[in-house]
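Taking it in order: structure first as structure tokens, then the write-up.
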């Protein structure tokens, strides 16, 4: 079965003074996944693979969603494999249910970032800066790590410039939303 997907890799960075502790930045590259790479939405009410849902994943009870359509406030069941395996969907859950992570911020990358390595570098820096400001640090699991989802080359070529920043527990579960979105 062919097709584009997501690839995941991990890089670790040590930061001091970040309320969430040591920061491991997980890079999850978004691909077109058979879509045209259009804007995945930016909060509020949006479409998840043709299904209308509200931010926070509250209307999607474990439904598979194209990662290009994940939104700020969405919580998801599992982290994709961090071994470069293509990921075609994520399972979005209500944040009150046990989940691995939450998308807490979204940003558009400037078109001047032309190479995949530059996009990844910019995404890692942006999310490392923005996530601590986008979460309620008192609700953050001590094992939580910052992650980002960035366009892969195919998705980038299709016009996707959205980077999603999040926080999650790679080898465990947490409950409740940590994001300040909608607060």
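Numbering (my numbering), first residue to last: 903 to 1085.
Think of the CB as a built atom: it goes at the ideal place given N, C-alpha and C, for glycine as much as any other residue.
Residue range of the alpha helix (DSSP H) that residue i falls in?
i: residue 1067; result: Note, residue 1067: premise wrong, no alpha helix (DSSP H); beta strand (DSSP E) at 1064-1070.
i: residue 1033; result: 1018-1036
i: residue 1057; result: 1055-1059
If you draw a straight line from the alpha carbon of residue i to that of residue j, how long is it in whole angstroms?
i: residue 1071; j: residue 1006; result: 14 angstroms
i: residue 887; j: residue 991; result: Within the shown structure, residues of the chain are numbered from 903 to 1085, placing residue 887 beyond reach of any answer.
i: residue 1076; j: residue 1064; result: 26 angstroms
i: residue 1067; j: residue 1050; result: 4 angstroms
i: residue 1037; j: residue 1019; result: 27 angstroms
i: residue 978; j: residue 1033; result: 17 angstroms
i: residue 1013; j: residue 1060; result: 12 angstroms
i: residue 972; j: residue 1081; result: 15 angstroms
i: residue 1045; j: residue 1078; result: 15 angstroms
i: residue 966; j: residue 1043; result: 25 angstroms
i: residue 1004; j: residue 998; result: 11 angstroms
i: residue 1058; j: residue 1041; result: 34 angstroms
i: residue 945; j: residue 1074; result: Low confidence applies here, because residue 945 scores a pLDDT of 34, under 50, leaving its location unreliable and the question unanswered by this model.
i: residue 970; j: residue 1035; result: 23 angstroms
i: residue 1039; j: residue 1069; result: 11 angstroms
Can you list, in chain order, the residues of its chain with a C-beta nearer than 6 angstroms to that of residue i? Leave out the 5 residues immediately preceding and following it.
i: residue 981; result: 1002, 1072
i: residue 964; result: 993, 995
i: residue 1083; result: 974, 975
i: residue 1028; result: 1009
i: residue 1000; result: 1075, 1077
Could you confirm whether any beta carbon from chain B is found closer than 8 angstroms to the beta carbon of residue i?
i: residue 1046; result: This model lacks chain B altogether; it includes just one protein chain.
Report the CB separation of residue i from residue j in whole angstroms; it is logged as a contact under 8 angstroms.
i: residue 1048; j: residue 1030; result: 6 angstroms
Identify the continuous beta strand (DSSP E) that holds residue i and give its terminal residues.
i: residue 992; result: 992-995
i: residue 1079; result: Counting along the chain, residue 1079 falls outside any beta strand (DSSP E), and DSSP gives it neither H nor E.
i: residue 1003; result: 1003-1010
i: residue 980; result: Neither: residue 980 is in no beta strand (DSSP E) and is coded neither H nor E.
i: residue 965; result: 965-967
Comparing the CB of residue i with every heavy atom of the ligand ZN, is any distance shorter than 7 angstroms?
i: residue 1075; result: Absence of the ligand ZN from the depicted structure is noted, as is the absence of any ligand whatsoever, leaving it without description.
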